[in-house]
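Peer 1: Take any residue in the sequence shown, note its place counting from 1, add 13, and you have its number in our numbering.
We treat Cβ as the ideally placed atom computed from N, Cα and C, and that holds for glycine.
Note that this is a predicted model, so its numbers are computed, not measured.
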Amino acid sequence: MTKEVVFTSNAVPPLATFSQAIISKGFVYVSGNIGCTSDFTIVEGGVQGQTIAALQNMSKVLEAAGSGLQHVVKANVYLTNLTRDFSDMNAAYMTFFEENAMPARTCVGVASLPLGASVEIECVAELPDA
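1) Could you give the C-beta distance for residue 77 and residue 36, rounded to a whole number, given that I count them as a contact under 8 Å?
2) Could you name the residues that DSSP lists as bridge partners for residue 133?
3) Buried or exposed: which applies to residue 107, given that a residue is buried once 16 or more other Cβ atoms fall within 10 Å of its Cβ?
4) Once the 5 residues before and after residue 169 are set aside, which same chain residues still bring their CB inside 6 Å of it?
5) Going by beta-carbon coordinates alone, are residue 133 and residue 45 separated by less than 8 Å?
6) Alpha carbon to alpha carbon, how far is residue 64 from residue 15?
7) In terms of residues, what are the limits of the alpha helix (DSSP H) holding residue 64?
8) When you compare the segment 111-121 with the segment 67-87, are there three or more beta-carbon pairs, one atom per stretch, that lie closer than 8 Å?
9) Taking only beta-carbon atoms, is residue 92 less than 8 Å away from chain D?
10) Could you check which residue in 32, 52, 49, 53 has the C-alpha nearest to that of residue 43?
11) Just tell me which of 109, 80, 113 has its CA closest to the CA of residue 137.
12) For the ligand MN, is there a heavy atom less than 7 Å away from the beta-carbon of residue 142?
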């Protein structure tokens, strides 16, 4: 089985325990992204600001892999306060995808996320030329 590690200095650097993404068999598997800066500071703006930052970072990783948000087929979203933040996260999330071509998605509530983040998003995307 062949897999390729994706790394771009344009995105938040990964921790030593994972890669920004992996390419395998025509798909890009992007690790979870939280809304933080390159020095691991959570961005301002609550869950909406964090969602925007996470998806902007995810977009940079996908670009480095030769894909993009328009090729996302599945996303997983994790929220530390599902009841309070679901609507606000969705409002920000929807601005990154075409209304009639939203990726398949799961959204779950979790006890906590790294660095005290409110949201984490991971995805699987197609490689358009694979």
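Peer 2: Taking the structure as given:
1) Here residue 77 refers to the residue found at position 64 of the sequence shown. Here residue 36 refers to the residue found at position 23 of the sequence shown. Not quite, the Cβ-Cβ distance comes to about 10 Å (not below 8 Å), so this is no contact.
2) Locating residue 133 in the sequence shown gives position 120, where the first residue counts as 1. Answer by DSSP bridge pairing, in chain order: 47, 91.
3) Taking the first residue of the sequence shown as position 1, residue 107 is located at position 94. Exposed: under 16 other Cβ atoms inside 10 Å.
4) Outside the displayed range of the chain (14 to 143) lies residue 169, so it cannot be described from this structure.
5) Stepping through the sequence shown from its first residue, residue 133 is reached at position 120. Stepping through the sequence shown from its first residue, residue 45 is reached at position 32. In contact: residue 133 and residue 45 (Cβ atoms closer than 8 Å).
6) Here residue 64 is taken as the residue at index 51 of the sequence shown, counted from 1. Here residue 15 is taken as the residue at index 2 of the sequence shown, counted from 1. In a straight line, the C-alpha of residue 64 is about 32 Å away from that of residue 15.
7) Taking the sequence shown and counting its residues from 1, the one referred to as residue 64 is at position 51. Unbroken alpha helix (DSSP H) run through residue 64: 59-78.
8) yes
9) Checking the listed chains, one finds no chain D in this structure; it contains a single protein chain.
10) Translated into positions along the sequence shown, residue 43 becomes position 30. Closest option to residue 43, Cα to Cα, is 32.
11) Counting from 1 along the sequence shown, the entry for residue 137 is found at position 124. The residue with the shortest Cα to Cα distance from residue 137 is 80.
12) What this structure holds is no ligand at all, so the ligand MN is not there to describe.
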